[in-house]
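Enquirer: Structure in structure tokens, see below.
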Amino acid sequence: MLRLEKVHTKYGHIEALKGINLHIKEGEIVTIIGANGAGKTTTLNTISGILKPSAGKIKFLNEDITNLTADKIVAKGIVQVPEGRQIFPNLTVYENLLMGAYLRKDKVEIENDLEKVYELFPRLKERRDQLGGTLSGGEQQMLAIGRALMSKPVLLLLDEPSLGLAPIIVENIFEIIKEINSQGTTILLVEQNAHLALSIADRGYVMETGNIIMEDDAKALLDNEDVKKAYLGM
Numbered sequence: 001m002l003r004l005e006k007v008h009t010k011y012g013h014i015e016a017l018k019g020i021n022l023h024i025k026e027g028e029i030v031t032i033i034g035a036n037g038a039g040k041t042t043t044l045n046t047i048s049g050i051l052k053p054s055a056g057k058i059k060f061l062n063e064d065i066t067n068l069t070a071d072k073i074v075a076k077g078i079v080q081v082p083e084g085r086q087i088f089p090n091l092t093v094y095e096n097l098l099m100g101a102y103l104r105k106d107k108v109e110i111e112n113d114l115e116k117v118y119e120l121f122p123r124l125k126e127r128r129d130q131l132g133g134t135l136s137g138g139e140q141q142m143l144a145i146g147r148a149l150m151s152k153p154v155l156l157l158l159d160e161p162s163l164g165l166a167p168i169i170v171e172n173i174f175e176i177i178k179e180i181n182s183q184g185t186t187i188l189l190v191e192q193n194a195h196l197a198l199s200i201a202d203r204g205y206v207m208e209t210g211n212i213i214m215e216d217d218a219k220a221l222l223d224n225e226d227v228k229k230a231y232l233g234m
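Each residue of the sequence shown is one higher than the last, beginning at 1 in full-length UniProt numbering.
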């Protein structure tokens with residue numbers, strides 16, 4: 001479904017991605033783990049068109065999307081939930097969700113998808129008319145994911161969905177991520193909680209200073225002694 005081939009991305013003269021190769025098959029949950037500054041968020045931002053690679057190719061459903069703008073990439077079906085949620089604080093929950101559907105014209109289907117989001121996140125339905133900025137951190141994360149789902153993603157990119165949330169909320173969010181995947185959405189997950197990410201993923205990549213240094217089935221990475229020491233606190 002998605003393939004990165006020798007992708008380099010720079011911030012000025014600093015090379016943040018150093019020729020990475022990565023692939024995702026339809027229906028998978030794939031996670032990228034690594035320390036802060038490893039290049040995980042840069043990878044997501046490069047896929048979603050926020051950053052442009054300085055070299056290499058990105059292919060999605062056999063189409064070269066390397067040089068497409070971010071809005072064109074969303075229209076192709078790749079949607080990112082950014083680190084820190086970045087909801088619209090002065091819009092209501094309902095208005096935030098509708099912003100996710102801004103490229104769509106199918107009004108009946110938009111209403112249907114809104115109901116599906118409310119089924120996944122009943123709390124959002126309860127707070128439909130509340131301003132986004134008045135929600136708790138967990139509710140804002142639900143809103144950010146719900147807004148992304150309103151774009152009807154084929155591939156959902158999640159950047160640190162557990163960041164700053166209480167453990168019980170994190171468990172709830174990850175159960176919902178699994179449910180979204182079971183309903184047919186492929187997921188690429190960047191997550192600081194490596195153990196939790198690998199426990200729900202099919203495969204994983206380990207990043208270090210702009211390079212992918214390991215790739216394997218998620219269970220094999222969970223059992224890998226080097227991964228345990230470096231990323232799982234064991």
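Cβ atoms here follow ideal geometry from the backbone N, Cα and C, with glycine treated the same way.
How long is the line joining the alpha carbons of residue 71 and residue 50, rounded to whole angstroms?
Expert: If you take the alpha carbons of residue 71 and residue 50, they lie about 9 Å apart.
Enquirer: Confirm, please, whether the CB-CB distance from residue 231 to residue 33 is below 8 Å.
Expert: A contact, by the Cβ cut-off of 8 Å.
Enquirer: Just the C-alpha distance for residue 96 and residue 120, rounded to the nearest angstrom, thanks.
Expert: Taking the straight line from one Cα to the other gives about 16 Å.
Enquirer: Would you tell me roughly how many angstroms separate the C-alpha atoms of residue 53 and residue 88, rounded to the nearest one?
Expert: About 28 Å.
Enquirer: Kindly provide the ranges of any beta strand (DSSP E) runs that are 3 or more residues long and lie completely inside the segment 26-66, ordered along the chain.
Expert: Within the segment 26-66, the complete beta strand (DSSP E) runs of at least 3 residues are 29-33, 55-60.
Enquirer: Out of 169, 154, 168, state which residue places its alpha-carbon closest to the alpha-carbon of residue 25.
Expert: The shortest C-alpha separation from residue 25 is found at 154.
Enquirer: Does DSSP put residue 91 in a helix, in a strand, or in coil?
Expert: Correct three-state label for residue 91: coil.
Enquirer: Leaving aside the five residues before and after residue 138 along the sequence, list all residues of the same chain whose C-beta is less than 6 Å from its C-beta, in chain order.
Expert: Excluding positions up to five away in sequence, the list reads 165, 169.
Enquirer: With residue 80 as the anchor, note down where its beta strand (DSSP E) starts and where it stops.
Expert: Its beta strand (DSSP E) spans residues 78-81.
Enquirer: What's the call for residue 181, buried or exposed, on a 16-neighbour Cβ count within 10 Å?
Expert: Buried, by the Cβ-count rule.
Enquirer: To the nearest angstrom, report how far apart residue 172 and residue 163 are at their CA atoms.
Expert: Roughly 13 Å between the two C-alpha positions.
Enquirer: On the DSSP bridge assignment, give the partners of residue 69 in chain order.
Expert: For residue 69, which the question treats as bridged, DSSP gives no partner whatsoever.
Enquirer: Check whether the Cβ atoms of residue 190 and residue 18 lie closer than 8 Å to each other.
Expert: For residue 190 and residue 18, no; Cβs fall outside 8 Å.
Enquirer: Which residues in the same chain as residue 158 place their Cβ atom closer than 6 Å to its Cβ, once the five residues preceding and following it in sequence are excluded?
Expert: Closer than 6 Å at the Cβ level, and outside the excluded window around residue 158, lie 81, 189.
Enquirer: If I'm right that residue 156 touches residue 93 with Cβ under 8 Å, what's the distance once you round it to whole angstroms?
Expert: That pair is no contact at about 20 Å.
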